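Mind the numbering: the sequence shown is residues -23 to -1, 1 to 116 in mature numbering (1 follows the signal peptide of the UniProt record, and there is no 0), read in order.
Glycine included, C-beta positions come from ideal geometry on N, C-alpha and C.
On a predicted model such as this, the values are computed, not experimentally measured, just so you know.
Notes to accompany the following structure.
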Amino acid sequence: MRPAFLLLAGLVAGTTLATQARADSASAVAGHLQPLADGAAVYQHVCQGCHMPDGRGAMGSGARFPALAGNAKLASPDYPAYVILNGFGGMPSFAGLLTDAQVADVVNHIRTHFGNHYTDTLKPEDVAAQRPTITPEQE
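Next up, the structure:
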């Protein structure tokens, strides 16, 4: 059978996917991640696939993942929190995936690792104040 025929047959039979992936979303599944112990665990589980284990980012095949190592844009904790919650460029929003505490933990982690030495910390209540009222998953 041809793939187009199978797709058409599925539509006629009434079978549909429960959720669909979205290009502007970090996940096709709504809900939060499992508990992660700290910012390092959030970084390892969510961020390092693109930004690399050493935080130096990556480039190639038409994609660019910015370095977090020595990044002056991290001077204010509000900037990385905004990007994590809302997405930016090719990075999707993680608002529907990470809790306020997880966002604060990972922001504090990247601001104190990879050659960054920013000592002021972001608190979960600071993240809550920035959180979009409607996440891309809810649109």
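Where residue i sits in the DSSP three-state scheme
i	result
Arg33	coil
Ala18	helix
Ala106	helix
Ala52	helix
Span of the alpha helix (DSSP H) around residue i
i	result
Arg88	Asp77 to Thr89
Ala58	Asp55 to Asn63
His28	Gln25 to His28
Residue i burial status per 10 Å Cβ neighbour count (16 or more: buried)
i	result
Asp82	buried
Gln79	buried
Met(-23)	Note that Met(-23) scores a pLDDT of 46, beneath 50, so its modelled location is shaky and nothing firm can be said.
Pro30	exposed
Gly73	buried
Gly16	buried
Pro12	exposed
Ile111	exposed
Segment limits, beta strand (DSSP E) that includes residue i
i	result
Ala46	No beta strand (DSSP E) contains Ala46, which DSSP labels as neither H nor E.
Which listed residue (the options) has its alpha carbon closest to that of residue i
i	options	result
Pro69	Val23, Gly16 and Ala106	Val23
Ala46	Tyr95, Gly73 and Ile61	Tyr95
Gly32	Ala105, Asn93 and Ile111	Asn93
Asp103	Tyr59, Thr89 and Pro43	Tyr59
Ala40	Gln11, His28 and Arg88	His28
Ala52	Ser38, Ala106, Asp97 and Phe42	Asp97
His86	Pro54, Leu75, Phe42 and Met36	Pro54
Gln21	Lys50, Val84 and Gly37	Val84
Ala44	Lys100, Ala105, Ala18 and His90	His90
Ala14	Ala105, Gln107 and Thr76	Thr76
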